[in-house]
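Encoded as structure tokens, the structure appears first; notes follow it.
In my numbering, the protein residues as written are 27 to 443.
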């Protein structure tokens, strides 16, 4: 169980609440529930009891811990809704190969990419996997991340996939950031099943999904829907069965080739369709008309020197857009929230308000946790950030810099030098 406490934050210059429902379209995403100060955030026994003007704040017990925000901005904790947190090994050489002009797919075809990490992850102990992931979680905490998704998908076999998921459960219990666990056995086709994607999907359905469900190791199932990996028919079969078993579903969609992944994600009722660099106009319309969140991963596009997902077009069409890091050892060895915000606002033409909505309430929706996190409103977890500056606009203005002074999870503050 996460540690909780009561906390009273006063003298807030700007309070961003993001209160209400998932934001769809530009007008909604620019409404971040801003309350000009002086404002107060009162967290009682780990959950928000009041978020509003100081003049209307309730009386609180004398023994409640108080923090003076000194006129600075407070906003909901960031939600990173797409990471591959638990893995073994690194792929620093591949990054240099890409800088020299080699494509991500060509690296995969010569034994690099996911296959290289699969070999390293299979060889890693549970302790080694946990230690590596903990290093990233500590860095994420400093950048204001209070909830993050963690996918498996680097084992591609029975034992390693289960080990990754068990490490995620262990990490959720031993550190403050809330973890949402996703099983992604369909991340690639392992060597044992090369050329036989149907047979591997059958292995996942018949053996892995029941094991994951039996041990309650994941809430969600994800798949890499991509040319020469898992095509639409594989995706439809796996996610349909997963949903029937009670799992939520997500998709890596339209990243390298336009396969109609966004349309399929909307049709299947996925929580989110992620990447979307090659999304079609029909895909954008499908997402705009569905409950599926469009999750953009600008750090990955930056790392791959690729075009960014058309976030501006998706938002203007009425989509609910989220932003996430895609932390992984290959295509994006970074979980930098400051760089992510800079790329989203400068190169993807999102407003800073849209970026905040995309990293809070919409990201929470993308992992089916918007009833608990992603906004500061009564009854939700007391997860918040105190910035070093008086305005949320410094998140994009002071670009690439971490301006988080204090990260608060369940009313427990973590302050960094």
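All C-beta atoms in this analysis are idealised placements derived from N, C-alpha and C, irrespective of residue type, glycine included.
With respect to the C-alpha of residue 141, the residue from 213, 199, 88, 172 having the closest C-alpha is 213. For residue 101, the closest alpha carbon among the candidates 274, 186, 318, 172 is that of 172.
C-alpha of residue 228 to C-alpha of residue 427: approximately 46 Å in a straight line. Within the same chain, 288, 289, 292 come within 7 Å of residue 312 by CB-CB distance, once the 5 residues on both sides are set aside. In this chain, the beta strand (DSSP E) harbouring residue 247 covers 246-249. For the region 124-178, the full-length beta strand (DSSP E) segments reaching 3 residues or more read 171-177 along the chain. Taken through DSSP and simplified to helix, strand or coil, residue 83 comes out as coil. Nearest C-alpha to residue 38 among 45, 363, 64: 64.
The C-beta distance from residue 116 to residue 180 rounds to 12 Å, too long to fall under 8 Å, and the pair is not in contact. For residue 120, the CB contacts under 7 Å within the same chain, skipping 5 residues up- and downstream, are 133, 138, 356 in chain order. Fewer than three Cβ pairs drawn from the region 389-398 and the region 353-371 lie within less than 8 Å of each other, which leaves the two stretches out of contact. Of the other Cβ atoms in all chains shown, fewer than 16 fall within 10 Å of the Cβ of residue 136; this residue is therefore exposed.
DSSP, reduced to helix, strand and coil, places residue 198 within a helical segment of the structure shown.
Residue burial annotation: residue 336 is buried, with at least 16 other C-beta atoms found within 10 angstroms of its C-beta. Residues of the same chain with a CB within less than 6 Å of the CB of residue 441, apart from the 5 flanking positions on each side, are 432 in chain order. The region 122-133 makes no contact with the region 60-77, as fewer than three CB pairs between them are under 8 Å. Non-local beta-carbon contacts of residue 282 in its own chain, meaning distances under 8 Å to residues more than five positions away in sequence, involve 130, 131, 252, 253, 303, 304 in chain order. Non-local C-beta neighbours of residue 267 in its own chain, meaning closer than 6 Å and more than five positions away in sequence, comprise 231, ordered along the chain.
Here the alpha carbon of residue 190 sits roughly 44 Å from the alpha carbon of residue 79. Here the alpha carbons of residue 219 and residue 105 stand approximately 35 Å from one another. With fewer than 16 other beta carbons inside 10 angstroms of its own, residue 47 counts as exposed. Residue 298: member of the beta strand (DSSP E) spanning 298-301, first to last residue. For residue 49, there is no enclosing alpha helix (DSSP H), as DSSP gives it neither H nor E.
Beta-bridge partners of residue 322 (DSSP): 349. DSSP places residue 388 in the uninterrupted alpha helix (DSSP H) bounded by 387-392. The beta carbon of residue 84 is closer than 6 Å to those of 76 in its chain, skipping five residues each way along the sequence. By a beta-carbon distance limit of 8 Å, residue 198 contacts residue 205. Their separation comes to about 4 Å. Here residue 66 is bridged, per DSSP, to 78.
Rounded to the nearest angstrom, the gap between the Cα atoms of residue 99 and residue 225 is 53 Å. Take residue 31, set aside five residues on each side of it, and the residues of its chain with a beta-carbon closer than 6 Å to its own are 437, 438, in chain order. Annotation for residue 420: no beta strand (DSSP E) segment contains it, though the alpha helix (DSSP H) segment containing it runs 420-423.
Between residue 36 and residue 66, the CB-CB gap stays under 8 Å. Within the region 215-280, the runs of alpha helix (DSSP H) at least 4 residues long that lie entirely inside it are, in chain order, 223-229, 235-240, 258-270.
Selection 443, 396, 434, 370 evaluated against residue 421 yields 370 as nearest (Cα-Cα). Boundaries of the alpha helix (DSSP H) harbouring residue 364: 363-372, taken from the DSSP string.
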